[in-house]
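Okay, structure first, notes after.
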Amino acid sequence: MKQVQVHPERCVGCMQCMLACATAHSQSKEMHRAIGEMPLPKPRVHVGAGLSGEGFPNRCRHCDPAPCLLACLPGAIFRDPESGTVLIDPDRCINCASCAMACPFGVIRYHQDWLAPAEKTIAVKCDNCIVRQQDGLLPACVEVCKTGALTFEESADALKRKTAVVARSVSAAVDQQFPPAAGVALLLEMKKSLHSLEDR
Amino acid sequence: MGKYDHRTITRDGQLLLQKMANDQVETVWERLADQTPQCGYCEMGLSCRVCAMGPCRIDPFGEGPQKGVCGADADIIVARNLGRMIAAGAAAHSDHGRDLVEVLADVAVDNAPGYAIRDQKKLLRVAREYGVETEGRNALAIAGDLAAAMQDEFGTRKGYLTMAGRAPAKRQELWKRIGIAPRGIDRETSEMMHRTHMGVDNGWQSLMLHGLRNALSDGWGGSMIATEVSDILFGTPQPNSNQVNVGVLKEDQVNIIVHGHNPVVSEMIMRACESQEMLTLAAEKGAAGINLAGLCCTGNELLMRHGIPVAGNHLMTELVVGTGAVEMMIVDYQCIMPSLGALAPCYHTKMISTSDKARFPGMEHHEFHPDNAARLALDLVRKAIENFSQRGETYIPVTPTPSVGGFSVEAIIAALGGTPKPLIDAIAAGKIRGAVGVVGCNNPKIKHDYGHVTLTKRLIEQDYLVVDTGCAAVANAKAGFKVAEAAAYAGPGLREVCQTLGIPPVLHMGSCVDNVRILVLAAALADALQVDISDLPLAGAAPEWYSEKAVSIGAYFVASGVFTVLGPMPPITGSMNVVNLLTSGLSDVVGATFAVEPDPEKAALLIQRHVEGKRKALGLPYRQV
Ligand code: SF4
Ligand code: SF4
Ligand code: SF4
Ligand code: SF4
Numbered sequence: 001m002k003q004v005q006v007h008p009e010r011c012v013g014c015m016q017c018m019l020a021c022a023t024a025h026s027q028s029k030e031m032h033r034a035i036g037e038m039p040l041p042k043p044r045v046h047v048g049a050g051l052s053g054e055g056f057p058n059r060c061r062h063c064d065p066a067p068c069l070l071a072c073l074p075g076a077i078f079r080d081p082e083s084g085t086v087l088i089d090p091d092r093c094i095n096c097a098s099c100a101m102a103c104p105f106g107v108i109r110y111h112q113d114w115l116a117p118a119e120k121t122i123a124v125k126c127d128n129c130i131v132r133q134q135d136g137l138l139p140a141c142v143e144v145c146k147t148g149a150l151t152f153e154e155s156a157d158a159l160k161r162k163t164a165v166v167a168r169s170v171s172a173a174v175d176q177q178f179p180p181a182a183g184v185a186l187l188l189e190m191k192k193s194l195h196s197l198e199d200r
Numbered sequence: 201m202g203k204y205d206h207r208t209i210t211r212d213g214q215l216l217l218q219k220m221a222n223d224q225v226e227t228v229w230e231r232l233a234d235q236t237p238q239c240g241y242c243e244m245g246l247s248c249r250v251c252a253m254g255p256c257r258i259d260p261f262g263e264g265p266q267k268g269v270c271g272a273d274a275d276i277i278v279a280r281n282l283g284r285m286i287a288a289g290a291a292a293h294s295d296h297g298r299d300l301v302e303v304l305a306d307v308a309v310d311n312a313p314g315y316a317i318r319d320q321k322k323l324l325r326v327a328r329e330y331g332v333e334t335e336g337r338n339a340l341a342i343a344g345d346l347a348a349a350m351q352d353e354f355g356t357r358k359g360y361l362t363m364a365g366r367a368p369a370k371r372q373e374l375w376k377r378i379g380i381a382p383r384g385i386d387r388e389t390s391e392m393m394h395r396t397h398m399g400v401d402n403g404w405q406s407l408m409l410h411g412l413r414n415a416l417s418d419g420w421g422g423s424m425i426a427t428e429v430s431d432i433l434f435g436t437p438q439p440n441s442n443q444v445n446v447g448v449l450k451e452d453q454v455n456i457i458v459h460g461h462n463p464v465v466s467e468m469i470m471r472a473c474e475s476q477e478m479l480t481l482a483a484e485k486g487a488a489g490i491n492l493a494g495l496c497c498t499g500n501e502l503l504m505r506h507g508i509p510v511a512g513n514h515l516m517t518e519l520v521v522g523t524g525a526v527e528m529m530i531v532d533y534q535c536i537m538p539s540l541g542a543l544a545p546c547y548h549t550k551m552i553s554t555s556d557k558a559r560f561p562g563m564e565h566h567e568f569h570p571d572n573a574a575r576l577a578l579d580l581v582r583k584a585i586e587n588f589s590q591r592g593e594t595y596i597p598v599t600p601t602p603s604v605g606g607f608s609v610e611a612i613i614a615a616l617g618g619t620p621k622p623l624i625d626a627i628a629a630g631k632i633r634g635a636v637g638v639v640g641c642n643n644p645k646i647k648h649d650y651g652h653v654t655l656t657k658r659l660i661e662q663d664y665l666v667v668d669t670g671c672a673a674v675a676n677a678k679a680g681f682k683v684a685e686a687a688a689y690a691g692p693g694l695r696e697v698c699q700t701l702g703i704p705p706v707l708h709m710g711s712c713v714d715n716v717r718i719l720v721l722a723a724a725l726a727d728a729l730q731v732d733i734s735d736l737p738l739a740g741a742a743p744e745w746y747s748e749k750a751v752s753i754g755a756y757f758v759a760s761g762v763f764t765v766l767g768p769m770p771p772i773t774g775s776m777n778v779v780n781l782l783t784s785g786l787s788d789v790v791g792a793t794f795a796v797e798p799d800p801e802k803a804a805l806l807i808q809r810h811v812e813g814k815r816k817a818l819g820l821p822y823r824q825v
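Which chain is which? The protein sequence lines are A and B, in order. The working numbering puts the first residue of the first sequence at 1, with every later residue one more than the last. The working numbering puts the first residue of the second sequence at 201, with every later residue one more than the last.
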């Protein structure tokens with residue numbers, strides 16, 4: 001089963017995944033139109049800043065067992081048996097925020113959505129772009145991510161690759177484990193150095 | 201042709217794309233696919249890289265940041281970005297103009313062997329316009345003073361541009377009234393860079409107004425100087441027959457391609473190709489001759505003045521090398537993809553860069569200056585001839601299309617019998633509904649040549665006279681619209697006029713700096729009718745634009761009063777305030793606006809609606825569109 005895999009060391013923080021995700025969950029599916037829609041579509045992935053200001057794309061892990069699912073009293077949160085995706089039923093959600101309290105990753109947001117009853121605020125999070133996948137498309141964030149910070153593949157494959165890289169880097173005894181590109185590494189080095197000035 | 205007809209409507213393009221795919225050579229289309237989807241912030245003009253507190257971006261969905269670190273909001277950031285695009289475009293055209301003025305200055309002191317004054321009449325006319333004494337003086341002395349006077353226009357000393365005086369009086373008054381009369385060529389570009397520095401002009405409206413002034417300093421300044429000085433040095437174009445598309449390459453001859461914009465280099469190459477010494481050498485090497493062809497606008501410059509064939513427009517520049525039949529490509533500057541140097545080794549083509557300000561990876565650099573140009577041109581042509589024996593298999597899949605070019609304003613007025621009156625009469629009678637400038641580049645985001653050709657076809661069918669320049673002009677020539685017989689494509693009124701005058705329904709007016717010829721023609725029509733340009737039944741269109749220069753051209757068309765339709769959307773959708781100003785608000789300010797319409801069928805309707813509206817306002821017979 002292919003999953004969205006996150007490789008934070010490759011994230012440049014351009015926030016393209018946020019735009020693509022919001023667009024993919026709009027009515028028109030077209031960015032220039034989507035920004036005029038009511039309610040305004042919003043992203044399900046959120047790029048946060050790490051210790052030195054490097055980007056980190058934060059999205060639902062579709063945990064199993066899922067704390068949010070267990071916490072949802074009205075039973076709005078359920079698991080799609082086929083893909084394992086944790087989904088929220090907008091009609092059942094009562095906007096109680098229990099799921100957000102239970103979620104260890106802070107990936108749930110509350111707002112209106114064109115698929116929910118009008119004017120109703122509901123819990124919203126990543127749905128693995130299940131509709132796009134049915135249409136044979138990649139999840140929108142993966143498609144748009146130009147640096148490879150987001151990939152769509154079997155977890156086992158991703159982990160195997162990572163194992164190989166870790167093994168090689170350990171033998172080379174370098175501290176930069178996954179040098180994605182010289183420019184990115186340089187930028188990160190500069191950012192770290194700048195950040196370290198704060199402690200002087 | 202199936203496989204590549206989504207990329208280009210041209211047969212040579214489709215066949216060569218297949219060839220390049222077989223050769224496993226990437227082109228601009230593959231690189232676009234690799235880049236897709238492209239950054240939404242940048243597409244919307246919402247990213248700002250102006251300073252090192254940034255870079256910043258504004259989230260158009262309202263979730264993320266709404267202000268840059270400095271506090272600039274979406275309107276300010278979009279306006280700054282667009283302003284800088286105009287500045288870059290104006291700078292490119294104007295610097296091209298400056299290079300020609302330098303040659304003129306060198307000719308005056310006899311320091312430019314091979315160059316000469318080839319249109320004395322124009323030299324005298326322009327010199328008088330600049331207040332240079334002409335009575336009883338020799339041409340070189342006049343040329344020296346004219347060059348000096350023109351060099352002054354680049355700075356700020358005078359405070360006004362001489363050739364802006366060619367605009368109708370009403371237009372000049374309007375510019376002064378709203379404070380956008382251009383004051384110096386470099387000054388306006390420099391001021392734009394100043395205004396868009398962090399913490400200077402943070403009024404999106406005032407930034408956009410200065411954008412218009414900056415563009416005017418190009419249209420009625422830098423570009424106009426480029427065109428006029430080119431005419432003085434190389435001759436004012438007259439109608440001539442020529443051929444276009446990849447089929448102009450010759451199997452049995454040494455093929456040399458000039459690519460870029462400035463005739464300073466290509467004219468010298470042309471003269472070298474014609475020299476007896478080189479022709480003899482070519483014969484010795486077993487070639488039946490030396491075949492010079494152009495690409496992009498330096499191609500248009502040679503086509504306009506000498507009927508030199510043009511092998512293609514912007515998106516054909518890589519494919520032309522794929523024929524394997526090009527011994528040498530000589531480039532100057534602007535619109536030369538840096539991919540070309542890497543592409544050439546897949547074939548035997550020698551790539552040569554020539555400008556001190558334009559370097560390309562994988563190209564041999566031989567710098568042209570007025571004093572060495574004639575000699576260097578011979579050296580390069582010799583190298584090209586020697587490369588003929590290295591040629592492998594060739595693939596020239598089509599035969600060339602005939603076309604007629606060379607319609608300078610002077611040539612059009614001459615074709616009309618010495619005055620614009622017959623054209624005005626035909627417009628007044630409704631035989632010709634109006635005139636439309638179809639200009640600009642190619643852009644792989646829109647099917648190659650589809651925008652230009654479709655729009656032009658629809659317009660001439662409806663009796664609109666089309667004048668074109670740049671890559672649009674090459675597209676229309678390849679489509680066969682530029683021979684007298686093309687009158688058959690025109691509506692009955694336009695067809696009659698074309699047949700009477702023996703002209704095609706689409707008039708090739710030159711390169712992209714030559715868009716100023718359209719301005720001069722528009723001004724002549726306005727003066728004849730004693731109205732402003734914005735009152736005329738005219739429009740402009742850039743259906744496949746890509747470059748910053750095109751943004752400047754569009755802006756000086758609009759600021760001069762010409763309604764202008766763009767194909768691809770410029771990066772401004774991040775600010776609906778800026779969008780609304782450009783597409784409607786400006787009509788109250790300069791009497792014209794932009795429109796954006798990627799579909800050329802719909803663009804044709806927008807233009808017809810606009811022009812018929814102008815006809816109505818002038819009291820001329822009009823149609824309901
Ligand atoms: S698109 Fe990729 S690189 Fe850009 S913010 Fe998202 S995860 Fe990071
Ligand atoms: S907010 Fe909705 S989804 Fe979350 S726990 Fe409450 S009912 Fe469930
Ligand atoms: S899978 Fe879909 S919903 Fe989840 S982050 Fe990616 S684009 Fe957004
Ligand atoms: S000028 Fe302002 S918006 Fe632009 S990069 Fe600097 S801080 Fe950011």
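Where is the CB? At the ideal position from N, CA and C, for every residue including glycine.
Contacts around residue i, its chain only, beta-carbon distance under 6 angstroms, and the 5 residues preceding and following it disregarded
i         : result
Gly740(B) : Gly637, Phe757, Val762 and Thr764
Val174(A) : Caution is warranted here: a pLDDT of 49 is assigned to Val174(A), below 50, making its placement in the model unreliable, and the coordinate value is therefore given only provisionally. Excluding residues within five positions, none has a Cβ falling inside 6 angstroms.
Leu340(B) : Ala308
Cys240(A) : Absent from the model: residue 240(A). The displayed extent of chain A is 1 to 200, so no value can be given.
Val751(B) : Met285, Ile286 and Gly289
Residue i, DSSP secondary structure in three states
i         : result
Ser553(B) : strand
His62(A)  : coil
Gly710(B) : strand
Thr523(B) : coil
Asp558(B) : Sequence check: residue 558(B) is Ala here, not Asp. In this structure, Ala558(B) counts as strand in the three-state DSSP scheme.
Glu567(B) : coil
Arg809(B) : helix
Met15(A)  : coil
Ile277(B) : helix
Ser760(B) : coil
Tyr204(B) : helix
Chain-order list of residues whose beta-carbon lies under 8 angstroms from that of residue i (same chain, five-residue window excluded)
i         : result
Gly606(B) : Pro437, Gln438, Pro439, Asn440, Leu503, Met504, Arg505, Gly507 and His708
Glu154(A) : Met1, Lys2 and Gln3
Tyr110(A) : Asn95, Ala97, Ala100, Thr121, Ile122, Ala123 and Val124
Exposure label - residue i; buried when at least 16 CB within 10 Å
i         : result
Pro821(B) : exposed
Gln824(B) : exposed
Met253(B) : exposed
Arg44(A)  : buried
Gln730(B) : exposed
Glu373(B) : exposed
Arg207(B) : buried
Ala690(B) : buried
Asn642(B) : buried
Asn442(B) : buried
Supposed contact pair residue j and residue i - C-beta distance, whole angstroms, cut 8 angstroms
i         : j         : result
Ala279(B) : Met408(B) : 6 angstroms
Pro705(B) : Cys698(B) : 5 angstroms
Arg59(A)  : Leu69(A)  : The pair is not a contact, with the Cβ atoms about 16 angstroms apart (cut-off 8 angstroms).
Leu782(B) : Phe794(B) : 5 angstroms
Trp420(B) : Leu721(B) : With a Cβ gap of about 14 angstroms, Trp420(B) and Leu721(B) do not count as contacting.
Contact test: residue i Cβ vs ligand 6 heavy atom, cutoff 7 angstroms
i         : result
Ile130(A) : Here the bound small molecules are ligand 1, ligand 2, ligand 3 and ligand 4; ligand 6 is not part of this structure.
Contact set for residue i: own chain, Cβ-Cβ below 7 angstroms, skip 5 residues either direction
i         : result
Glu801(B) : Thr654 and Arg658
Glu518(B) : Thr227, Val228, Met537, Ser539, Leu540 and Leu543
Review point. What are the start and end residues of each continuous beta strand (DSSP E) run of 3 or more residues lying completely inside the stretch 641-702 of chain B, in chain order?
Key: Listed in chain order, the complete beta strand (DSSP E) runs (minimum 3 residues) inside the stretch 641-702 of chain B are 664-669.
Practice item. Mind listing, in chain order, the continuous beta strand (DSSP E) runs of no fewer than 3 residues lying wholly within the stretch 410-480 of chain B? Key: The stretch 410-480 of chain B contains these whole beta strand (DSSP E) runs: 440-444 and 454-459.
Exercise for review: Go through the stretch 23-76 of chain A residue by residue and report every complete run of the beta strand (DSSP E) that reaches 3 residues or more, in order.
Suggested key: If we require 3 residues or more, the beta strand (DSSP E) runs fully inside the stretch 23-76 of chain A come out as 46-49 and 55-58.
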